[in-house]
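Engineer:
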Amino acid sequence: MGIRKKIMLGFTALCILLFLAGVVSVFEFERLGRNTQSILDVNIKNTEYSKQMLDAVQEQNMVLLQIAAFKNHSYDSLLYAARSRFDEAFDSVVMLNGRQLQEVDSIFTANELYNSVIDHAVFEAQDSSNINWFTDVYKTTYSSIVRSIKNFMISTQKRMALDTTQLESNAYRAVMPSIIALAVAIMLTIVFATLVDMYYLKPIIKIKKSLHRWLMQRIQYNVTIEGDSEMSKLNEFIKELIMMSKNRKSE
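Yeah, the sequence shown ends on 251 if you go by our numbering, and it's all consecutive.
Structure representation (structure tokens):
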């Protein structure tokens, strides 16, 4: 293999290595970006749905207080409207997270109890104006559902922290191929440069110096290059030229 092909082969190998490392890194970074966006979207949606559920529960609470204060059931439609908005937000949470989460199931249980207490008081027993009912029964169920929603919000933030840790690990994994490829490329470059220097540059310098001494001072050309490379052949050709030159002068 000629010197040109060897040098081209070395540079081609380095280019291929760096190209593959770049492709892997781009793929990993794209996947990291998609995962990050997905995690952020889920967190934002969970926060928004939690706010909607809290607003709906608080609105039901205000309507219930109006019903109790004014004993006017014309506010019942407002109560049902707020309950419907809560159900829509909760269904969205279930679609996004599933019922397997303990916090989501706790919201469902607390809401069922909250609705049953309100329905029994307002539409059946008519004891919503009783102060003892408010303090002993309603307040407990109201606090329970509010607490379950807030616990879901807190758990969402905790999962976000865990996902952030996972993203850091993924980012490290995305960078590692480039780091490894760069380290390998540096090592190959050093080895490649050493080989080029050992088998090509140093022989050329030796040939040049020895040939210059022979031309200027007629000091004997005595360069030895081992192997069967182009440099050894070049050295042999130079020796033959010098011998031919000497023979012509002797004639």
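Backbone N, C-alpha and C fix where the C-beta goes; we use that ideal spot for every residue, glycine too.
For residue 163 and residue 20, I'd like the C-alpha separation in whole angstroms.
Structural biologist: In the sequence shown, residue 163 corresponds to position 163, counting from 1. In the sequence shown, residue 20 corresponds to position 20, counting from 1. Roughly 28 Å separates the two Cα atoms.
Engineer: Would you call the segment 187-198 and the segment 40-54 in contact, with 3 or more CB pairs under 8 Å?
Structural biologist: Result no; under three Cβ-Cβ pairs closer than 8 Å.
Engineer: Where residue 17 and residue 10 are concerned, what is the direct C-alpha to C-alpha distance, given to the nearest angstrom?
Structural biologist: As a working note, residue 17 is residue 17 in the sequence shown. As a working note, residue 10 is residue 10 in the sequence shown. Taking the straight line from one Cα to the other gives about 11 Å.
Engineer: What would DSSP say about residue 184, mapped onto helix, strand or coil?
Structural biologist: As a working note, residue 184 is residue 184 in the sequence shown. Three-state DSSP puts residue 184 in a helix.
Engineer: Within 10 angstroms of the Cβ of residue 125, are there 16 or more other Cβ atoms? Answer buried if so, exposed if not.
Structural biologist: Locating residue 125 in the sequence shown gives position 125, counting from the first residue. Reliability of the predicted coordinates at residue 125 is poor, the pLDDT of 48 falling under 50, and the value obtained from them is presented with this limitation in mind. Exposed.
Engineer: Do residue 61 and residue 142 have their beta-carbon atoms positioned less than 8 Å apart in this structure?
Structural biologist: Translated into the one-based positions of the sequence shown, residue 142 becomes position 142. Translated into the one-based positions of the sequence shown, residue 61 becomes position 61. A contact, by the Cβ cut-off of 8 Å.
Engineer: To the nearest angstrom, report how far apart residue 43 and residue 113 are at their CA atoms.
Structural biologist: The residue you call residue 43 lines up with position 43 of the sequence shown. The residue you call residue 113 lines up with position 113 of the sequence shown. Straight-line Cα distance between these residues: approximately 27 Å.
Engineer: Judging by CA-CA distance, which residue of 102, 159 and 59 is the nearest neighbour of residue 82?
Structural biologist: Reading the sequence shown from its first residue, position 82 is the one you call residue 82. Nearest option by C-alpha distance: 59.
Engineer: In whole angstroms, what separates the C-alpha of residue 15 from that of residue 8?
Structural biologist: As a working mapping, residue 15 is identified with position 15 in the sequence shown. As a working mapping, residue 8 is identified with position 8 in the sequence shown. Approximately 10 Å between the Cα atoms of the pair.
Engineer: Which full runs of the alpha helix (DSSP H) of 4+ residues lie inside the segment 54-109, going along the chain?
Structural biologist: With a minimum length of 4 residues, the continuous alpha helix (DSSP H) runs that stay inside the segment 54-109 are 76-97.
Engineer: Let's see if you can read the secondary structure: which residues bound the alpha helix (DSSP H) around residue 212?
Structural biologist: Looking up residue 212 in the sequence shown gives position 212. Note, residue 212: alpha helix (DSSP H), 202-217.
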